[in-house]
Amino acid sequence: MNVVAIVTVAHHASDGESALTPVHGEALLTHTVRGLLDVPEIDLVLVAAPQRCASSFSEAVGDLGCRVVPGSLRQAFAAVEPELSRDSVVLLHDALRAFIPAQTVRDVIKAVRDGAPVVVPVLPMADTVKVTDAASLIVGTEDRSRLRTLQTPVGYALAAFRPDLAPAGAATVDGHPDAMRVTSDFELSLAEAIAAAPKNEETL
Numbered sequence: 001m002n003v004v005a006i007v008t009v010a011h012h013a014s015d016g017e018s019a020l021t022p023v024h025g026e027a028l029l030t031h032t033v034r035g036l037l038d039v040p041e042i043d044l045v046l047v048a049a050p051q052r053c054a055s056s057f058s059e060a061v062g063d064l065g066c067r068v069v070p071g072s073l074r075q076a077f078a079a080v081e082p083e084l085s086r087d088s089v090v091l092l093h094d095a096l097r098a099f100i101p102a103q104t105v106r107d108v109i110k111a112v113r114d115g116a117p118v119v120v121p122v123l124p125m126a127d128t129v130k131v132t133d134a135a136s137l138i139v140g141t142e143d144r145s146r147l148r149t150l151q152t153p154v155g156y157a158l159a160a161f162r163p164d165l166a167p168a169g170a171a172t173v174d175g176h177p178d179a180m181r182v183t184s185d186f187e188l189s190l191a192e193a194i195a196a197a198p199k200n201e202e203t204l
């Protein structure tokens, strides 16, 4: 097996339930898994399901052809590790980033195959970033030219795999606005628009 994508809800305790939020008639998780399965380079999509959500997760993705492993990210990786070869690529993807374009995923895979041990998609920081003191008074402005917001999937060469979502020293590829974490009502409205748009149409 050359490329495996592990979908996780490891950020916050409520992310498991958030992954089941309906978007355009289907759970957010369903969109996430389908999008990854549509990338031809990916051989397997594995979903790490919190025990309390395992049944609901299985129902949401049951017809798509992925595997659901109840338990932690480490348990999910252990379930697939014996099937991986030394040159395998492991993708770690946030279940709430349901609409990352396939090309961005391919860019991550290619960068790992080209020799980067860890790769993460990023976007330039758009907002002005202020520095405050202990009293919450603004004392300066951070130079945002070198700041980036991280997205997923994080791509790993097998030997470099670590179960976290913000690896230090990672190489970067261009991210995409569609790959936002869908957590707020506003982001849900954007997700609805993305899900309803023709697949060949730019959305954001």
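Residue numbering for the sequence shown follows UniProt numbering, beginning at 1 and increasing consecutively.
Backbone N, C-alpha and C fix where the C-beta goes; we use that ideal spot for every residue, glycine too.
Pair within 8 Å by beta-carbon distance, residue i and residue j
{"i": "ASN2", "j": "SER88", "result": "yes"}
{"i": "CYS66", "j": "VAL90", "result": "no"}
{"i": "VAL108", "j": "VAL182", "result": "no"}
{"i": "VAL23", "j": "LEU64", "result": "no"}
{"i": "ALA10", "j": "LEU73", "result": "yes"}
{"i": "VAL61", "j": "LEU29", "result": "yes"}
{"i": "ARG106", "j": "GLU41", "result": "yes"}
Supposed contact pair residue j and residue i - C-beta distance, whole angstroms, cut 8 Å
{"i": "ALA179", "j": "PRO121", "result": "7 Å"}
{"i": "VAL47", "j": "VAL68", "result": "5 Å"}
{"i": "residue 209", "j": "ALA157", "result": "Any question about residue 209 goes unanswered here, given that the chain covers just 1 to 204."}
{"i": "VAL154", "j": "LEU92", "result": "5 Å"}
{"i": "VAL7", "j": "ALA95", "result": "5 Å"}
{"i": "ARG52", "j": "GLY16", "result": "7 Å"}
Outcome for residue i when other beta-carbon atoms lying within 10 angstroms are tallied against a minimum of 16
{"i": "VAL131", "result": "exposed"}
{"i": "ALA191", "result": "buried"}
{"i": "GLY35", "result": "buried"}
{"i": "VAL139", "result": "exposed"}
Own chain, CB closer than 7 Å to residue i, minus 5 neighbours either side, in chain order
{"i": "ALA54", "result": "VAL68, PRO70"}
{"i": "GLY175", "result": "THR104, PRO121, VAL122, LEU123, GLN151"}
{"i": "HIS31", "result": "VAL23, ALA98, PHE99, ALA195"}
{"i": "PHE57", "result": "LEU29, VAL47, ALA49, VAL68"}
{"i": "ASP43", "result": "MET1, ASN2, VAL3, VAL4"}
{"i": "LEU37", "result": "VAL45, LEU64, GLY65, CYS66"}
Contacting residues, own chain, Cβ-Cβ under 8 Å from residue i (five flanking each side not counted)
{"i": "THR141", "result": "THR128, VAL129, LYS130, VAL131"}
{"i": "ARG148", "result": "VAL122, LEU123, PRO124, MET125, THR172"}
{"i": "ASP133", "result": "VAL139"}
Cβ-based neighbour list, residue i, same chain, cut-off 6 Å, excluding 5 preceding and 5 following
{"i": "PRO117", "result": "ALA157, ALA160"}
{"i": "ARG144", "result": "MET125, VAL129"}
C-beta neighbour in chain B for residue i, strict 8 Å
{"i": "ALA116", "result": "The structure shown contains no chain B; it holds only a single protein chain."}
- Task: Could you say if the segment 95–103 and the segment 69–86 meet the contact criterion of at least three C-beta pairs nearer than 8 Å?
- Result: no
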